[in-house]
Amino acid sequence: MKWNLFFPTVAIFLIITLLLGCSFLEDLGKLISFKKEKHWELIWSDEFNGDSINLSNWNFDVGGNGWGNKELQYYTKGSNVRVSNGNLIIEARNEKFGIHDYTSARIKTQGKHSWQYGKIEARIKLPYGQGLWPAFWMLGENIETVGHPDCGEIDIMEMVGSNEGEENATIWSSLHWADHEKEGSNKTKSLKYSFKNSDGDWFSDDYHIFGIQWSADYIQYYVDNHVFKTVTLSTRKNDGQEAFRKPFFIILNLAVGGEWPNSPDKGTDWPQQMVVDWVRVYQSRSDGNAK
Numbered sequence: 374m375k376w377n378l379f380f381p382t383v384a385i386f387l388i389i390t391l392l393l394g395c396s397f398l399e400d401l402g403k404l405i406s407f408k409k410e411k412h413w414e415l416i417w418s419d420e421f422n423g424d425s426i427n428l429s430n431w432n433f434d435v436g437g438n439g440w441g442n443k444e445l446q447y448y449t450k451g452s453n454v455r456v457s458n459g460n461l462i463i464e465a466r467n468e469k470f471g472i473h474d475y476t477s478a479r480i481k482t483q484g485k486h487s488w489q490y491g492k493i494e495a496r497i498k499l500p501y502g503q504g505l506w507p508a509f510w511m512l513g514e515n516i517e518t519v520g521h522p523d524c525g526e527i528d529i530m531e532m533v534g535s536n537e538g539e540e541n542a543t544i545w546s547s548l549h550w551a552d553h554e555k556e557g558s559n560k561t562k563s564l565k566y567s568f569k570n571s572d573g574d575w576f577s578d579d580y581h582i583f584g585i586q587w588s589a590d591y592i593q594y595y596v597d598n599h600v601f602k603t604v605t606l607s608t609r610k611n612d613g614q615e616a617f618r619k620p621f622f623i624i625l626n627l628a629v630g631g632e633w634p635n636s637p638d639k640g641t642d643w644p645q646q647m648v649v650d651w652v653r654v655y656q657s658r659s660d661g662n663a664k
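The sequence shown lines up with residues 374 to 664 when you count with the working numbering.
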């Protein structure tokens with residue numbers, strides 16, 4: 374009688390152990406999916422705990438010139454961006470500003486802070502809706518002297534909104550740089566990758582951490598610490614990826630319309646907000662320069 378009870382008990386114990394083991398291994402796999410774990414030190418952050426934009430960290434891009442993408446909004450200096458309850462809020466509105474039908478905001482650390490290598494991430498709750506285009510990205514600090522795409526562009530997170538469907542559960546990450554063996558518009562080279570929320574939840578439902586781990590050899594993209602793409606950087610002289618071995622600055626913006634998302638429609642709800650809890654930059658002792 375005792376032996377008959379013993380064996381089923383052992384079997385159940387082993388099954389539970391195996392199930393827990395599988396879960397443990399899966400979690401462990403996520404933890405070690407980064408190409409190289411380092412001892413990270415927080416070297417810069419904006420937690421947005423004040424009552425206004427910290428102008429020692431951020432500048433405003435202002436205007437409505439389409440921004441190279443035929444965007445429809447006019448970026449204002451302050452009226453569409455605020456700090457409230459520990460968050461940065463960038464708000465897109467369906468309102469007239471001169472010849473423009475929409476307003477929004479775009480802020481950047483250019484001229485104030487830039488970084489070469491490290492772990493750059495932000496915790497963001499995204500908007501949704503046809504024609505909305507939120508982005509967390511970086512440009513080479515030398516853009517004023519060499520121009521784009523020679524300066525390099527690292528798109529950590531972009532989303533093309535829709536009124537319904539999986540677009541709101543998908544973000545895009547990319548690299549853009551110049552092929553120095555070509556001229557004109559043909560010299561732009563790009564790599565683009567997507568990440569879809571496995572449970573299908575929209576990125577507007579909750580906050581998520583979007584980030585990169587960046588070194589002289591590679592750039593890794595991750596969402597909520599899950600790495601979904603590793604890009605090995607070329608060392609070829611004329612490839613142009615040498616741009617990614619120089620300092621970059623951060624940009625946060627919420628665009629409306631453009632060549633990629635197309636225009637809003639009657640189903641787009643207004644206003645729409647890109648809510649940023651924090652932005653953080655980490656480096657290890659082996660990483661490069663910070664300004």
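Ideal Cβ placement from N, Cα and C applies to all residues, glycine included. A quick note: this is a predicted structure, and the numbers were derived from the prediction, not measured.
Candidates the options, of which the one nearest residue i by Cα
i, options, result
"Gly584", "Arg479, Thr476 and Val654", "Val654"
"Arg609", "Asn467, Asp528 and Phe617", "Phe617"
"Ile592", "Asp578, Asn422 and Leu564", "Leu564"
"Glu554", "Asp574, Gln586 and Asp612", "Asp612"
"Val629", "Asn453, Asp424, Trp488 and Tyr580", "Asn453"
"Val649", "Glu556, His599, Ser659 and Pro500", "Pro500"
"Phe568", "Ile544, Lys619 and His581", "Ile544"
"Glu539", "Gly459, Ile497 and Asp578", "Asp578"
"Tyr566", "Met532, His581, Ser457 and Asn536", "Met532"
"Asn536", "Trp417, Asp638 and Ile416", "Asp638"
"Gly459", "Asp574, Leu428 and Asp419", "Asp419"
Sub-8 angstroms separation of residue i and residue j beta-carbons
i, j, result
"Ser546", "Tyr490", "no"
"Ala542", "Phe576", "yes"
"Thr449", "Thr476", "yes"
"Trp643", "Trp506", "no"
"Glu414", "Ser657", "yes"
"Ile480", "Leu625", "yes"
"Glu514", "Pro620", "yes"
Residues near residue i by beta carbon distance below 7 angstroms, same chain, minus five either side
i, result
"Thr482", "Asn430, Trp431, Phe622 and Ile623"
"Gly484", "Asn432"
"Val456", "Phe421, Gly423, Asp424, Ser425 and Ile426"
Contact set for residue i: own chain, Cβ-Cβ below 6 angstroms, skip 5 residues either direction
i, result
"Ile516", "Cys524"
"Asp552", "Lys560, Lys562 and Gly613"
Separation of residue j from residue i, as counted between CA atoms
i, j, result
"Asp597", "Val652", "14 angstroms"
"Ile529", "Gly640", "28 angstroms"
"His665", "Ile527", "As shown, the chain starts at 374 and ends at 664. That puts residue 665 outside it, with no answer to give."
"Pro522", "Met511", "12 angstroms"
"Glu399", "Asp572", "Because the pLDDT of Glu399 is 41, which lies under 50, any placement of that residue in the model is unreliable, and the number read from its coordinates should be weighed accordingly. Their Cα atoms are separated by approximately 17 angstroms."
"Ala589", "Phe601", "19 angstroms"
"Gly441", "Val435", "14 angstroms"
"Glu468", "Leu606", "43 angstroms"
"Met647", "His549", "24 angstroms"
"Gly698", "Ser636", "This structure cannot settle anything about residue 698, because the visible part of the chain is limited to 374 through 664."
"Ala663", "Trp488", "4 angstroms"
"Asn570", "Ile497", "14 angstroms"
"Lys403", "Glu556", "No answer about Lys403 holds up, because its pLDDT of 44 lies below 50 and its placement is not dependable."
"Glu615", "Ile582", "27 angstroms"
Supposed close pair residue i, residue j - CB separation, criterion 8 angstroms
i, j, result
"Leu445", "His486", "Rounded, the Cβ-Cβ distance is 30 angstroms, inconsistent with contact."
8 angstroms Cβ cutoff, residue i in contact with chain D
i, result
"Tyr594", "Going by chain labels, chain D is absent from the structure shown, which holds only one protein chain."
Close beta carbons around residue i, own chain, < 8 angstroms, minus the five adjacent residues each side
i, result
"Gly471", "Gly437 and Tyr447"
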